[in-house]
Amino acid sequence: MREDGRAARVWIAGGLLLIVIGFAASMVAWHGLRQTKWGDVDPGSAVLALVALAATITGMVVTYRQAARALWVADTDVDRWTKDLAYAVQRSETQQRIQLLGGQDGAIDVGFTFRPAPTHEAVVGAAATGTLAGVVAHFRELRPQRLVITGEPGAGKTVLAIELILGLLDDPGRKPDDPVPVRIPAASWNPDVGVDDWLVGYLRQTFRMREATARALVHAWRVLPVIDGLDEMDNTQTPGYGSRASRALQKLNAYQQGQRKARLVLTCRSSQYAALGRPQVGVRGQDAAHIEIKPIDTGTAQSFVELRVGADNLSRWAPVLDALDFHPDGPLAQALDSPWRLTLAVTAYQHRAGSRAHLPDPAELTASDLDTPEKVGDHLLAAYISTTTRVAAEASRNPHGYRADQVRSWLSTLASYLNSNADGRSPDGRPRSSVDLILHELWPIAGNRARILSNACSAVLLGVPGLMFALSVLLVMAPWWWRVFIGVVMGWTLLSMLKLVWALMPVADTMRIDLSKLKTLRGGRRLVLGFVFGFVFGSGFGTWVGPGSKFGSLLEDGSIIQSGAKSSPYWPVFGLLFGIACGLAFGGMTPGIRSGTDPRKPVRDDLVVWLAGGISFSTVFMTFFVPIFGPPLGVLFGLMFGLGFGLLGHTGGLAGSQYIMLIASMHGHRLPWRLGRFLHWCYNDAGLLRVAGIAYQFRHRQLQDYLASQPHP
């Protein structure tokens, strides 16, 4: 692989050198031809120009073909990328495991039982019972290796899936060509998309993979999909045949590896999975072992509490332990029969040194008004938010001074938005996730305001310079055909303002700078095409309106062009700069995500691209406006035009600006000014959220549903 990379670099360097030499020779010959009349053309210069042009084209073709071949080989080395993917998954899931376990190392060793299906049963290796500690061995015995994990809310389905993932990756018997288990939120899947394409898209988005790399891994069966949360695809307890969950399960049933079913793992709540298996629906996981996580008995719950709170604090928990012991069927015991609720309880009432006087008393859980498991659960969730905020402050992990009431209010806004998406909300034609908080896709929270404000900025930045130019020309233009030209210019300006109309609004996707694209055949083509288009258009426009043209003469006679600019080489420079800017924009900028390590990164990348592209195009447009309005206004109008050009969706900034406008329109009401910082604090310091790729998610769906049901202050 090193030799392939070295060969690519050699071919790229040599080809680029040939291109530069050919381009320089072409420019020299072209300049000589321009100084000669048509009857006095120097044949040597003409031949030199043609030879240089041929050399340039040849160099480009050779460079891109060889570089593309070498880079494609490196991108599709499945053994290398399997190892890299396994390392990335292991790091990510280790962190998620620690967070889901409340910062502890040990998980409750929940048990599960095998549930045979009426048809298409996994015929080999499905043991009758098992535990979390032995789930890896249980899975390896299955033929085919297809597993459905069900359980009640909070039973530990995700934790069991993570234990399976880490166990498979840590297994001493793991082979280099074994697939890498990758946990994927089911809610992120549009079932109209095939399984392979969905996996490729997720790998590209979450792990920064090129499409060729992701597709090579998927096609080589090096990815074991662990699909988490089938129940979260629909906002109903009884999904029907046409539901997203049903269609997804049908796609998974048809997911084949040759003549056998492809390996996969699926988690789902028991009630929703049972609803899919009703006679009127009749959709179940085919040829898959189905295991059901058992509720935690009171003895296990007592042992867990004693282990987590420590001997010094057992007296505080005595009423709770007694209630579990003497009333094993009571509301408290039923509420604490899952790992999630147990972790919630010990976290909500945890003790920290020096804070005993301010701690809530666990005996509150035995109050007479908490007479149902649901009431106990809501009480725990309410106390959980207050406690995590307090604990973060005591540990000096709340530098921004978030208050518990603020945290509850802001998270309630986000939870309500997510739950509303489960009904198929699609304001811009793209389905929105009901579990993922992706920063640049949160603008629908503010209704239409964020998009209106974003497009208003684009219209102002583009419209003001255009209108000023048109009005300036109108003052000195007498011929009717110049008035037609003015009408066209003003019409284009007004058209830019009509970006406020939804039909003309492009879908906002984040942009990022990816200069590595220039090494590929496609990226090189886009670079060249962008430069040629920009250079031809810019040079033609400059020649049409520049000094020596009829329009330029009218501008000079009307004194619109500033003194000293009439003979300056602004217009040729405009063409060259516009070509370079277009080439870099088309070749070096790409939509999509750079990395899934920090969900704040896509918005940052998009705004950086907008500023970089805006400054580049501003420099170009300044060469147009400065000769007309002079340095002060010319620079200002050029800057406005360049930044506005980006907001049209061509050079980034559209998604980022919609995020900014969302915050501006919601600040002081239902969201904080620094939303990204707040969400990262909830994930990194408070433990209220988790991360899945580039999305934040509530730590548990029960927490999201509880917050969504709370009234906004």
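Residue numbers for the sequence shown follow my numbering, beginning at 90 and rising by one.
The C-beta atom is built at its ideal place from N, Cα and C for all residues, glycine as well.
According to the Cβ coordinates, are residue i and residue j closer than 8 Å?
i: Pro268; j: Arg311; result: yes
i: Leu341; j: Leu355; result: yes
i: Ile474; j: Arg497; result: yes
i: Pro408; j: Thr455; result: yes
i: Asp168; j: Pro261; result: no
i: Leu288; j: Pro314; result: yes
i: Pro187; j: Ile380; result: Here the sequence assigns Ile to residue 187, which means Pro is not the residue at that position. No, Cβ-Cβ distance for Ile187 and Ile380 is not below 8 Å.
i: Val524; j: Gln339; result: no
i: Tyr748; j: Trp532; result: yes
i: Arg779; j: Gln185; result: yes
i: Asp774; j: Ala481; result: yes
i: Gln179; j: Leu470; result: no
i: Leu528; j: Arg763; result: no
i: Glu832; j: Val224; result: Limits of the chain in this structure are 90 at one end and 802 at the other, which puts residue 832 out of reach.
i: Gln294; j: Leu507; result: no
i: Ala484; j: Pro449; result: no
What does the alpha-carbon distance come out to for the pair residue i and residue j?
i: Ala511; j: Pro720; result: 54 Å
i: Glu241; j: Ala784; result: 25 Å
i: Leu353; j: Ala378; result: 11 Å
i: Gln423; j: Ala412; result: 11 Å
i: Lys464; j: Asp458; result: 8 Å
i: Thr432; j: Val698; result: 43 Å
i: Ala504; j: Ala301; result: 36 Å
i: Gly388; j: Leu526; result: 38 Å
i: Tyr362; j: Arg333; result: 13 Å
i: Arg297; j: Ser522; result: 21 Å
i: Gln234; j: Arg263; result: 15 Å
i: Ser359; j: Asp695; result: 41 Å
i: Glu230; j: Asp259; result: 17 Å
i: Arg759; j: Trp499; result: 6 Å
i: Thr327; j: Cys357; result: 13 Å
i: Cys546; j: Leu751; result: 13 Å
i: Met755; j: Gly536; result: 10 Å
i: Gly782; j: Tyr772; result: 13 Å
i: Val248; j: Leu257; result: 14 Å
i: His468; j: Met729; result: 53 Å
i: Arg204; j: Ala309; result: 31 Å
i: Asn324; j: Arg232; result: 33 Å
i: Trp278; j: Gln348; result: 25 Å
Please list, in chain order, all residues of the same chain as residue i whose beta carbon is under 6 Å from its beta carbon, the five residues on each side excluded.
i: Gly727; result: Ser707, Phe710, Met711 and Phe714
i: Val199; result: Leu221, Gly245 and Ile382
i: Asp285; result: Val307
i: Gln799; result: Ser501
i: Leu410; result: Gln391
i: Leu190; result: Ala196
i: Leu796; result: Leu500, Ser501 and Ala504
i: Ala816; result: The question about residue 816 has no answer here: the residues shown for the chain are numbered 90 through 802.
i: Gly466; result: Ala424
Please return the same chain residues whose Cβ sits closer than 7 Å to the Cβ of residue i, not counting the five positions on each side in sequence.
i: Ser275; result: Reading off the sequence shown, one finds Ala at residue 275, where the question assumed Ser. The residues are Ile316, Asp317, Gly318, Leu319, Glu321, Met322 and Ala337.
i: His789; result: Gly243 and Trp429
i: Gln345; result: Ala351
i: Arg367; result: none
i: His769; result: Arg689
i: His416; result: Ala422
Assuming residue i and residue j form a contact by the criterion Cβ under 8 Å, report the distance between their Cβ atoms to the nearest whole angstrom.
i: Ser392; j: Val370; result: Rounded, the Cβ-Cβ distance is 40 Å, inconsistent with contact.
i: Ala250; j: Arg272; result: 6 Å
i: Ala753; j: Leu425; result: That pair is no contact at about 44 Å.
Report all residues from its chain with a CB closer than 8 Å to the CB of residue i; omit the five preceding and five following residues, and keep chain order.
i: Lys172; result: Pro265
i: Ala493; result: Ile474, Ser475, Thr478 and Arg479
i: Val692; result: Leu528, His529, Thr599, Ala744, Gly745, Tyr748 and Gly765
i: Thr461; result: Pro420
i: Val39; result: With the chain running from 90 to 802 in the structure shown, residue 39 is simply not present.
Does the beta carbon of residue i come closer than 8 Å to any beta carbon on chain C?
i: Val409; result: The chain labelled as chain C is not found in the depicted structure, where only one protein chain is given.
Exercise for review: Any chance you could list the beta strand (DSSP E) runs of at least 3 consecutive residues sitting entirely within the region 217–283, in chain order?
Suggested key: 218–220, 235–240 and 269–274
Point to revise | 4 or more residues per run - each alpha helix (DSSP H) lying fully within the region 379–412 | key: 387–398
Point to revise | Uninterrupted alpha helix (DSSP H) stretches inside the region 778–802 (no shorter than 4 residues) | key: 790–797
Practice item. Identify every run of the beta strand (DSSP E) within the region 296–347, keeping only runs that are complete inside it and at least 3 residues long; order them along the chain. Key: 312–317
**Study point:** Within the region 472–532, ranges of the alpha helix (DSSP H) (whole runs, at least 4 residues)
**Key:** 493–510
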